[in-house]
Amino acid sequence: MTLHTIRTGSTGRVWRAIMSGIVCLLAVCMPCAPHAIGQDQQTSQTDAAPEPITEPVAGDDAVPAEPAPVPTVPPGATLPVVVAMDVPSDTGNAISIRWPHDVSQAKPDAYILEMQTPDGLWKQVTRTVLTSYQVSGVPNFTQFHFRVKALYGEASMTSDIAGPIEARDHWFRTGKMPIVVAIAVFVLILVMFINAARRGVELFVRRISGLNAVEDAIGRATEMGKPVLYIPGTSSIEDVATLASLNILGEVVRRTVHYDVKIICPNRDPIVYTIAREIVRETYASEGRPDAFDPNSVFFLVPDQFAYAAGVDGIMVRQKPATIFFMGMFWAEALVMSETGAATGAVQIAGTDTPAQLPFFITSCDYTLIGEELYAASAYLSREPLLLGTLKAQDYGKLIFMICMVVFSILAIVFNWDLSPYLLVK
Amino acid sequence: MKRNLPLYLLFIFAIWGGISVFVGKESVHEIDNLLRNKLLLIVGAFAIILGLGSLIFHHMVKIRNKSRYWQYSYVTLVSLFISSFIGLFGGVRGEKSLPTIFGGLVLLAHDGQVYAFQNEAEMGQFKASPDKFVDPARAVMPLPSNVEAPLSRYAASSLRDEIELRASNARRNGIQFEMISPVTGKPVPFKKDFRIHIQQLFEGILVPCGSTMFAMLAFYMCSAAYRAFRMRNLHAGVLLVSAFIVMLGQIPLATAYIPGVYELRQWILDVPNMASKRGIMIGVGLGAVATSFKIIFGIERAWLGGDE
Amino acid sequence: MNIATEFWTWNAAILTIAIFSFLWRDNPLYRIAEHLYIGVANGYSITLTYFNVVVPMMIDPLVNAGKMVKQDGFSTAVLNPFNDANFFIILPMMVGALYITRFIPKISWMVRIPIGLTMGYYTAISIPASFEAGILRQLEASIVTRAQLAEFWPGFWTIVILLSTLATLIYFFFSTEQKGVLRPISNFGILMVMIGFGASFGLTVMARISLAIGRFIFLFKDWLGVVS
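Protein chains in written order, with the numbering used here: chain A, 495 to 920; chain B, 111 to 418; chain C, 184 to 411.
The structure is reproduced here in structure tokens:
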């Protein structure tokens, strides 16, 4: 992704001030702004499917709109038959109970599910209009009994007791099967490409302009005699984006050693700092310049998100690096840093997999690696066959998922075979 | 040994981490939780020592070399040492031995009740012969069950917060809230204490600095938008137009006067936004998986110093 | 005007102005605020780590285990990591202490041991998570079903979303040159991406402006008291 930034300098500051003023004024004049923000939050919430607590098994039955006024059980009403079973292939602590309703019989207003604990006491689990319920949080290998009361107005019928039943944990969680299949397919492709790379097959990867710019950007720093600033994201090692960033750091340092440019790498996470320092030190050593490694070039700054941004801003305006890399995972502080960097006139190359921060990098950096380009970067920069093999595996994995998308859609539309539930992980 | 041992360990822990996701056995989960929530946290805590060592070293070098703006390094070092000292010895809210709460309303817990006094001398009089002055009607409030008498600085400080809250709630409901000294029978004015415990430093320094840095985003967004506007290329233009429509679509004044803007905003969110996010997420997911495998299989070993 | 008299309100106001002053340019006030912010944030983090990790997870179990052994003699219970009092945690402490070997050149390679096992564990658990949330859930959501085509326009847009998702994925396909028929498709893909990014940008603006207004309200209301 190539976007050329206009460096605004002091004019930018004036514009920033004028535009900020206008937008602030607009915002102040509009009393409904918070309401509007609230709407957005609602919109975004709809994307995420809420996790249901209860899991209806049988077709759920609607409650009759009017409560039955008769205090006796209607003629023909039958006792509910309760079936209780351990939830299969789960982590335990859950029992599934069903009491299917005979549609030819009178429909109760509601059901009360009761559970008998090992000490012999009956307690109400839930009152529901559905005909199934999943009790969770029960201890494993402890026996429970269940019964259901069908309510008809003030009258009720109590089912026979189901049980004893106990929750159990299982070795394999079959709900995770789609992941196992996906991993198997991916590993197969990966092994195929790694073997191909080992055999010396040339693996083609197209030009990625953001990554081609790395060499030029470091060259620029050499010409200007100014340092390169590398921000390895603001997350911890738990994010793979951070690891991808650390791999890119190795490649960037390889070039800075070659051009004899100073690198500055402030860190937010102490573990990331330790790894980053090792990478920089080892790269200096492997490039035959262990003496040139400055232990003060990679340092830990602060774990607080905005304190880190404040510190990095300070480094940018005081040390005026010629090139700035933002690689890894970022949150709201991304724009604070990248706008400051842009105002100092540095060439900025960003890369993140966080969709929420990408627009800000695109508008304030010269080059932005969008999403998976970040993960492709270390292979692309090093051109090492094995790494390129993994990049190809990533690509062909994507192709398989694209084919799945099309084929599954055709099957669903033409033959009405909806395979999408098989992709869901439980 | 120097390269292989860390790689073997990486592989073993990766196998454990990977498999534990698919195994439903409670015992496996217990071990996994122990590893994730305790053992790895303990290991990681030592990295903080390195981190702080690095920060201190960085600033010491700056001071020693008299680098540009070296004087400010003293601010960081001094504030780091003072705040750590206050935190470690004073506790998070002043519950430890180092005094971090000073002055404030004089309170005493007696017979399950909390009494307020004008000053320490008055409280001394009360303590000397409580039977002479005790009057439950003059108690500010009953002593909360989680607070023990005699009151520590920390306990008195949280009681002051509680009293202040009750007073403001009473004022809001139009009820008079007054504290009467059991010794003099005169009203005791509310007096806040002065706190310098680490939680106060958090609220008084970190929160305002953090909120202001966050608030600066409003200004940076404007300059970023202006920068994109100056770029004059199709992609930046499309981004800006889309941003402008979405922004307008959430302003009631604009949706009232510009027909179709709300619908257009909704379409942008539901169609291109949804599609691009899905595409990016699938790509990112695969990229993350590929990177993870690279590390687990030892293909990516930048952290070990490459292949040499 | 009802100006604040509290020390901490004044302190917060001065720091707010100091940080805001960076919008103009780097200046001594900002430099002091920045360095103070970094120092105190680190102090706060040390305190939290000490009270949330060091004391409950390292000191307490060891001290309690020591007391247990003193009272009841040695038993295997003090080696059980699941017990509140145990000596087992010495093991992760020793592994963690290997971070410090960085300062001893001869054995500095041992710093890779804690790094390796931490990286190994976290990379592995990220694989199923990436497949689940990043890939399979998105794949499932992208599939067009017959029910979605029941009405014309919603059905039409569902197909457009599927095609746009495919176009986006094609833009990020690195194994072939983007030429021929792939060129317009990937161009369409990146256009969709840019519209999507614009939407993210637009959605965030109001929230950020609210934050800025919040800071000004603090200055004018809580500190200066010129606004009621």
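Built from N, CA and C at the ideal position, the CB exists for glycine as well. These numbers come from a predicted model, not from an experiment.
Buried or exposed: where does D241 (chain B) fall if 16 or more other Cβ atoms within 10 Å of its Cβ makes it buried? Position 131 of the second sequence holds residue 241 (chain B). Per the 10 Å Cβ criterion, exposed.
F195 (chain B) in three-state terms, based on DSSP: Residue 195 (chain B) sits at position 85 when you count from the first residue of the second sequence. If DSSP states are grouped into helix, strand and coil, F195 (chain B) belongs with the helices.
Within 10 angstroms of its Cβ, does D271 (chain B) collect 16 or more other Cβ (buried), or is it exposed? Stepping through the second sequence from its first residue, residue 271 (chain B) is reached at position 161. Label assigned to D271 (chain B): exposed.
What is the DSSP secondary structure of S630 (chain A), reduced to helix, strand or coil? Translated into positions along the first sequence, residue 630 (chain A) becomes position 136. Strand, per DSSP.
Pick from B:N147, B:F243, B:G201, B:I273 that is closest to V250 (chain B), judged by C-alpha positions: Your numbering for residue 250 (chain B) matches position 140 in the second sequence. It is B:I273.
Let's test the definition: count the other Cβ atoms within 10 Å of the Cβ of I390 (chain B) and tell me whether it reaches 16, buried, or not, exposed. Walking along the second sequence from the start, residue 390 (chain B) turns up at place 280. Buried: at least 16 other Cβ atoms inside 10 Å.
Pick out whichever of B:R340, B:G370, B:L218 has its Cα sitting closest to the Cα of K237 (chain B). Translated into the one-based positions of the second sequence, residue 237 (chain B) becomes position 127. When only C-alpha atoms are compared, the closest one is B:L218.
Using beta-carbon positions only, say whether G200 (chain B) and T186 (chain B) come within less than 7 Å of one another. For the purposes of this step, residue 200 (chain B) is taken as residue 90 along the second sequence, with counting starting at 1. For the purposes of this step, residue 186 (chain B) is taken as residue 76 along the second sequence, with counting starting at 1. Their beta carbons are not under 7 Å apart, which means G200 (chain B) does not touch T186 (chain B) by this criterion.
Pair every Cβ in the region 297-311 of chain C with every Cβ in the region 725-743 of chain A, then say whether three or more of these pairs are closer than 8 Å. yes
Terminal residues of the beta strand (DSSP E) in which L645 (chain A) lies: In the first sequence, the residue the question calls residue 645 (chain A) occupies position 151. From DSSP, the beta strand (DSSP E) with L645 (chain A) extends over 637-646.
May I ask you to list the residues that DSSP assigns as paired with C759 (chain A)? For the purposes of this step, residue 759 (chain A) is identified with residue 265 of the first sequence, where counting begins at 1. Per DSSP, A:V792.
Check whether the Cβ of R714 (chain A) lies closer than 6 Å to any heavy atom of the ligand MG, and answer yes or no. Annotation note on the ligand MG: not contained in the displayed structure, which lists no ligands.
For Y225 (chain B), which beta-bridge partners are listed by DSSP? By one-based count along the second sequence, residue 225 (chain B) stands at place 115. DSSP, once it has assigned bridges, lists B:L218 as partnering Y225 (chain B).
Classify T652 (chain A) as helix, strand or coil using the three-state DSSP reduction. Residue mapping note: residue 652 (chain A) aligns to position 158 of the first sequence, counting from 1. Strand at T652 (chain A).
List the whole-angstrom C-beta distance separating L697 (chain A) from G883 (chain A), where the pair is believed to meet the contact cut-off of C-beta under 8 Å. Residue 697 (chain A) sits at position 203 when you count from the first residue of the first sequence. Residue 883 (chain A) sits at position 389 when you count from the first residue of the first sequence. The Cβ separation is near 6 Å, so the contact holds.
Find out if the Cβ-Cβ distance for the pair R762 (chain A), Y724 (chain A) is shorter than 7 Å. Residue 762 (chain A) sits at position 268 when you count from the first residue of the first sequence. Residue 724 (chain A) sits at position 230 when you count from the first residue of the first sequence. Their beta carbons are not under 7 Å apart, which means R762 (chain A) does not touch Y724 (chain A) by this criterion.
To the nearest angstrom, how far is it from the Cα of S228 (chain C) to the Cα of M326 (chain B)? Taking the third sequence and counting its residues from 1, one reaches residue 228 (chain C) at position 45. Taking the second sequence and counting its residues from 1, one reaches residue 326 (chain B) at position 216. Taking the straight line joining both Cα atoms gives about 24 Å.
Please confirm if the region 346-360 of chain C is in contact with the region 372-382 of chain C, defined as three or more CB-CB distances below 8 Å between the two stretches. yes
Partner residues on chain A for E360 (chain C), Cβ-Cβ distance less than 7 Å: Translated into positions along the third sequence, residue 360 (chain C) becomes position 177. Those within 7 Å of E360 (chain C) in chain A are R700.
Using a Cβ-Cβ cutoff of less than 8 Å, which residues in the same chain neighbour I272 (chain C) once the five nearest sequence positions on both sides are dropped? Looking up residue 272 (chain C) in the third sequence gives position 89. Cβ neighbours of I272 (chain C) beyond the five flanking positions: M240, M241, P244, L245, P264.
Compare the C-beta of G284 (chain B) against all C-beta atoms of chain C and say whether one is closer than 7 Å. Working through the second sequence from its first residue, we reach residue 284 (chain B) at position 174. False, the Cβ-Cβ gap to chain C never drops below 7 Å.
Y753 (chain A) and T401 (chain B) - do their beta-carbons sit closer together than 7 Å? Position 291 of the second sequence holds residue 401 (chain B). Position 259 of the first sequence holds residue 753 (chain A). For T401 (chain B) and Y753 (chain A), no; Cβs fall outside 7 Å.
Quick one: which chain C residues come within Cβ less than 8 Å of I308 (chain B)? If you number the second sequence from 1, residue 308 (chain B) lands on position 198. Those within 8 Å of I308 (chain B) in chain C are G226, Y227, T230.
Give me the Cβ distance between S325 (chain C) and L346 (chain C), rounded to the nearest whole Å; I'm assuming they're in contact under 8 Å. In the third sequence, counting from the first residue as 1, residue 325 (chain C) sits at position 142. In the third sequence, counting from the first residue as 1, residue 346 (chain C) sits at position 163. With a Cβ gap of about 10 Å, S325 (chain C) and L346 (chain C) do not count as contacting.
Exposed or buried, what is F357 (chain C) when buried is set at 16 or more other beta-carbons lying within 10 Å of its beta-carbon? One-based indexing of the third sequence puts residue 357 (chain C) at position 174. By the 10 Å Cβ count, F357 (chain C) comes out buried.
Three-way DSSP call (helix, strand, coil) for P658 (chain A) in this model: Residue mapping note: residue 658 (chain A) aligns to position 164 of the first sequence, counting from 1. In the structure shown, P658 (chain A) sits in a strand (DSSP, three-state: E or B).
Where are the beta strand (DSSP E) runs, 3 residues long or more, that stay fully inside the region 675-729 of chain A, in chain order? 722-725
By how many angstroms is the C-alpha of L414 (chain B) removed from the C-alpha of L198 (chain B)? Position 88 of the second sequence, counted from the first residue, corresponds to residue 198 (chain B). Position 304 of the second sequence, counted from the first residue, corresponds to residue 414 (chain B). In a straight line, the C-alpha of L198 (chain B) is about 36 Å away from that of L414 (chain B).
For R337 (chain B), decide whether its Cβ has a neighbour in chain A, counting only Cβ atoms nearer than 7 Å. Taking the second sequence and counting its residues from 1, one reaches residue 337 (chain B) at position 227. For R337 (chain B), the answer is yes, since a Cβ of chain A falls inside 7 Å of its Cβ.
Just the chain B side, please: which residues come within less than 9 Å of N263 (chain C) by C-beta, in chain order? As a working note, residue 263 (chain C) is residue 80 in the third sequence. Result: empty, since nearest Cβ-Cβ is about 10 Å, beyond 9 Å.
Chain A residues whose Cβ lies nearer than 8 Å to that of D209 (chain C): Position 26 of the third sequence, counted from the first residue, corresponds to residue 209 (chain C). The answer, in chain order, is G808, V811, R812.
For I907 (chain A), the first and last residue of its enclosing beta strand (DSSP E): Numbered from 1 along the first sequence, position 413 holds the residue referred to as residue 907 (chain A). Premise fails: I907 (chain A) lies in the alpha helix (DSSP H), 879-908, not in any beta strand (DSSP E).
Rounded separation between E549 (chain A) and W593 (chain A) - CA only: Along the first sequence, read from residue 1 onward, the residue named residue 549 (chain A) stands at position 55. Along the first sequence, read from residue 1 onward, the residue named residue 593 (chain A) stands at position 99. With a pLDDT of only 36 at E549 (chain A), under the threshold of 50, the placement of this residue in the model should not be trusted, and no figure is reported.
Run through chain B and tell me which residues come within less than 9 Å of F234 (chain C), C-beta to C-beta. Counted from its first residue, the third sequence places residue 234 (chain C) at position 51. Chain B residues near F234 (chain C): G197, L198, G201, V202.
Once DSSP output is grouped into helix, strand and coil, what is the label at L573 (chain A)? Indexing the first sequence from 1 puts residue 573 (chain A) at position 79. DSSP places L573 (chain A) in coil when its eight states are reduced to three.
Please state the DSSP three-state secondary structure of G845 (chain A). Here residue 845 (chain A) refers to the residue found at position 351 of the first sequence. Of the three classes helix, strand and coil, the one that applies to G845 (chain A) here is strand, per DSSP.
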